[in-house]
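Heads up, the thing below is written out as structure tokens.
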Amino acid sequence: MAQIGKDIKVAASLLNTSKLVAIPTDTVYGLAGNAFDPESIKAIYAVKGRPMDKALIAQTDSIEKVRTFVKEFPKAAEKLAAKFWPGALTLVLEANEKIPPEMLAGGHTVGVRICGHPMTLALLGKLDFPVALPSANLHSQPSPVTAQEVDAQLGDQIEYILDGDKCDIGFESTIVGFTGEKPLILRQGAIAAEDIFAVLEA
1 MAQIGKDIKV
11 AASLLNTSKL
21 VAIPTDTVYG
31 LAGNAFDPES
41 IKAIYAVKGR
51 PMDKALIAQT
61 DSIEKVRTFV
71 KEFPKAAEKL
81 AAKFWPGALT
91 LVLEANEKIP
101 PEMLAGGHTV
111 GVRICGHPMT
121 LALLGKLDFP
131 VALPSANLHS
141 QPSPVTAQEV
151 DAQLGDQIEY
161 ILDGDKCDIG
171 FESTIVGFTG
181 EKPLILRQGA
191 IAAEDIFAVL
201 EA
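Just so we're aligned: the sequence shown equals residues 1 to 202 in the UniProt record's numbering.
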């Protein structure tokens, strides 16, 4: 089984050497790998048994870092980020050439998020790259909210689980797309649609 611990330096070291690490977020635990490294991305799909046509979300710790791997950060997206980041909001934006095709499942957009978990924000601040971060579960299985639940599903396939205690929210982020003429809610999650539209229309 995987080692479970609270050492951010261990997690950062593994991620810097293209290993996968399970980490906490404010919603559910995620399976993290270097989002700029095609081999790490392929490993995430393999460990989860995730279909390759399902794109991955990238997470980092600042809007400044997000701007380095997207083509544009629209004004409407800026409004939502200012209100809900760090938090349970994923924005779908046009990816630039730094994001490998393996992240994008044949498309040209990438979901980006800054989560509100202090341990993961501290970890991401130590990295020079965003992490690909789908939920740390086997495909179609329940999303884990504790390190022990991650270990039960993925413990024989990863080395380390960063234990940030039980996740606060327990279900996934709301996803808003910015690739058409108007913002579009692609998945209703922890943030209600009416709260999204209230910010956009303000």
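Idealized CB from N, CA, C, for every residue including glycine. Given the structure is predicted, the values throughout are model-derived calculations rather than measurements.
| Item | Value |
| --- | --- |
| For Gly30, which beta-bridge partners are listed by DSSP? | Ile23, Ser135 |
| Beta carbon of Leu91, beta carbon of Val199: below 9 Å? | no |
| So, Ser140 versus Phe171, is the Cβ gap smaller than 9 Å? | no |
| Report yes if the C-beta distance between Gln3 and Tyr160 is below 9 Å; otherwise report no. | yes |
| How would you write the range of the alpha helix (DSSP H) that Ile41 sits in, first residue to last? | 38-48 |
| Cutting at 6 Å between CB atoms, please list the residues of its own chain near Ala147, excluding the five before and the five after it. | Ile4, Ile161, Asp163 |
| Are the region 44-55 and the region 72-81 in contact at 8 Å, needing three or more beta carbon pairs? | no |
| Helix, strand or coil for Gln153 per DSSP? | helix |
| Assign Glu39 to buried or exposed, taking buried as 16 or more other Cβ atoms, counted over all protein chains shown, within 10 Å of its Cβ. | exposed |
| Select from Cys167, Phe129, Gln157 the residue whose C-alpha is nearest the C-alpha of Asp61. | Phe129 |
| Quick one, which of Cys167, Ala136, Ile169, Lys166 has its alpha-carbon nearest Ala152's? | Ala136 |
| Contact between the region 105-116 and the region 5-12 is defined here as three or more beta-carbon pairs at a separation below 8 Å; is this criterion met? | no |
| Starting from Leu93 and walking both ways along the alpha helix (DSSP H), at which residues does that stretch end? | Premise fails: Leu93 lies in the beta strand (DSSP E), 89-94, not in any alpha helix (DSSP H). |
| Of the residues Leu154, Lys98, Lys79, which one's Cα is nearest the Cα of Ile196? | Lys79 |
| Looking at the secondary structure, which residues open and close the beta strand (DSSP E) in which Thr174 lies? | 174-177 |
| For the beta strand (DSSP E) that contains Ala58, what are its first and last residues? | 57-59 |
| What's the gap between the Cα of Pro86 and the Cα of Thr17? | 26 Å |
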